[in-house]
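Chains as they are written, first to last, in numbering that gives the first Met the number 0: chain U, 0 to 90; chain G, 0 to 90.
Ideal Cβ positions, reconstructed from N, Cα and C, are used throughout, including at glycine.
As the structure is a prediction and not an experimental result, all values here were calculated from the model.
A short worksheet on the structure shown next.
Number of protein chains: 2
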Amino acid sequence: MEYVDCQKAATFFRALSHPTRLLIVSELLNGRKCVNDMQGLLKVRQPNLSQHLSFLKLSGIVECRQEGKQRCYCLRDQKLIRQLLTGVNKT
Amino acid sequence: MEYVDCQKAATFFRALSHPTRLLIVSELLNGRKCVNDMQGLLKVRQPNLSQHLSFLKLSGIVECRQEGKQRCYCLRDQKLIRQLLTGVNKT
DNA sequence: TAATCATATTCGAATATTAGAATATTATCA
DNA sequence: TGATAATATTCTAATATTCGAATATGATTA
């Protein structure tokens, strides 16, 4: 296989290495969601959710847009994430 | 997407979330290697390498076999790993 | 069986991650 | 403009990760 940027890849995988963040990400596979939507689905407190979202944003996995009062998050590369999760899921 | 076992997936991704472990893994994409081979390729001390290998083994990413004095490691699912790294590399 | 090569384990210190509590910010609405 | 809804940030304590140093183990060879 060609050269792998291990630093970059490690950052990417680290972002996916926490169950809560994976839950967020797998919810986002179903489409854009605002923080409040996600809170309804996950059992974490709002500040904690916000921290994880921030982590995911810094790692380049999600992006967000302000929409009125709400902030909507979505995956930056839905196809890639789907592929990664599907692969690992089969393990 | 179907249900994702986030606990399991998180463990898997965490194993790949360290640059040294990714280096190990990408070396193993070229085939089986014993610890000493890997030491020649990476710039880490032997005990540290051994720790990372142990982590990768516990996470189910590699397996190893004793071969004479040496212990040879290989990927348990080379195709999956190649797919994951290729995907992330394109990011 | 003693020496040696190859690898693993243990321990401790430094650092990073995580979650909760408290608080701050930002956008809209009355 | 003040109140409120939605989200983010900061601080802190608990825990986890990482590395190096020292040491242990296991297989082979002399």
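- prompt: On the three-state DSSP scale, how would you describe E66/G?
  reply: strand
query: Expressed to the nearest angstrom, what Euclidean distance is found between the alpha-carbon atoms of S16/U and S16/G?
result: 7 Å
field: Beta-carbon spacing of F97/U, A14/U below 8 Å
entry: Look at the range of chain U in this structure, 0 to 90, and you will see that residue 97/U is not part of it.
query: Skipping 5 residues on each side, what residues in its chain have a beta carbon closer than 8 Å to that of S58/G?
result: T10, F11, R13, A14
Distance, R20/G Cα to S25/U Cα: 25 Å
query: To which residues does DSSP link Y72/U through a beta bridge?
result: K32/U, C63/U
query: Whose C-alpha, out of Q65/U, K89/U, L84/U, is nearest the C-alpha of C33/U?
result: Q65/U
- request: Enumerate in chain order the residues of its own chain whose CB-to-CB distance from L41/G is below 8 Å, with the five nearest sequence positions on each side excluded.
  value: T19, L22, I23, E26, L48
- request: Decide if Y72/U is buried, meaning its Cβ has at least 16 other Cβ atoms within 10 Å, or exposed.
  value: buried
task: Could you check which residue in R44/U, R70/U, C5/U has the C-alpha nearest to that of K56/U?
output: R70/U
field: Residue range of the unbroken alpha helix (DSSP H) whose run includes V87/G
entry: 77-89
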